[in-house]
Structures are given as structure tokens and as C-alpha cells.
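Engineer:
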Amino acid sequence: MSEGKREFVALRLDEVIHEWEANAPADDATAGSGKPEGPLVTAQRHRAEIDTASDERVDEIAAAYPQIIEAWESR
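Read in order, the letters of the sequence shown correspond to residues 1 to 75 in full-length UniProt numbering.
1. With 16 as the cutoff for other CB atoms within 10 Å, does R45 come out buried or exposed?
2. E7: which of A64, P66, T52 sits nearest, CA to CA?
3. Rounded to whole angstroms, what is the Cα-Cα separation between A48 and P25?
4. Among the residues of its own chain, which have a CB less than 8 Å from the CB of L13, if the five just before and after it don't count?
5. Starting from the C-beta of A71, find all residues in its chain whose C-beta is less than 7 Å away, skip the five residues before and the five after it, and write them out in chain order.
Next up, the structure:
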């Protein structure tokens with residue numbers, strides 16, 4: 001995989017996370033409730049993983065975000 005795709009996916013994940021953070025409620029009622037993690041936390045974990053992920057894992061992460069795949073294919 002080219003570094004270009006890894007950097008592209010990382011940048012797009014940053015954008016997704018920023019948007020979700022901006023729209024997140026100030027008081028997360030699910031915190032500590034034992035409920036599954038929300039999409040924001042999952043995206044943050046994916047972003048933390050990108051820099052050291054294998055090429056296959058970067059593809060898997062990108063595939064979890066249709067808007068990222070669409071943007072990659074239309075660039």
C-alpha cells in the first residue's frame with residue numbers, strides 16, 4: 001500500500017472524528033453503563049491504530065467508513 005492511502009485514510013478519519021466530537025452531547029449517558037462503545041470511540045481507536053497498522057488492516061478500517069472509501073475511489 002502506498003503511504004498516500006494510509007495518510008488519506010488517517011486524514012479522513014480525523015475529519016470524521018472532528019465532526020462527531022463537535023456533535024457529541026456534553027453528557028454521555030452511556031459512559032460506564034456497560035453499553036457497547038459508540039462510533040466516536042471506535043473511530044478514535046481506529047485513528048490511533050492507523051500509523052502502525054498493516055496494509056490489510058488499513059483497508060479494513062477504511063472499509064468501516066463508506067464515506068472514506070467513496071472519497072478514496074473518487075479522488
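All C-beta atoms, glycine included, are put in the ideal place defined by N, C-alpha and C.
Structural biologist: The relevant details are as follows:
1. Here R45 is exposed: its Cβ has fewer than 16 other Cβ atoms, across all protein chains shown, within 10 Å.
2. The alpha carbon of E7 has as its nearest neighbour, out of A64, P66, T52, the alpha carbon of T52.
3. Looking at the two C-alpha atoms, the distance is approximately 22 Å.
4. Only A43, H46, R47, I50, I61, Y65, I68 meet the Cβ criterion.
5. Within the same chain, R12 come within 7 Å of A71 by CB-CB distance, once the 5 residues on both sides are set aside.
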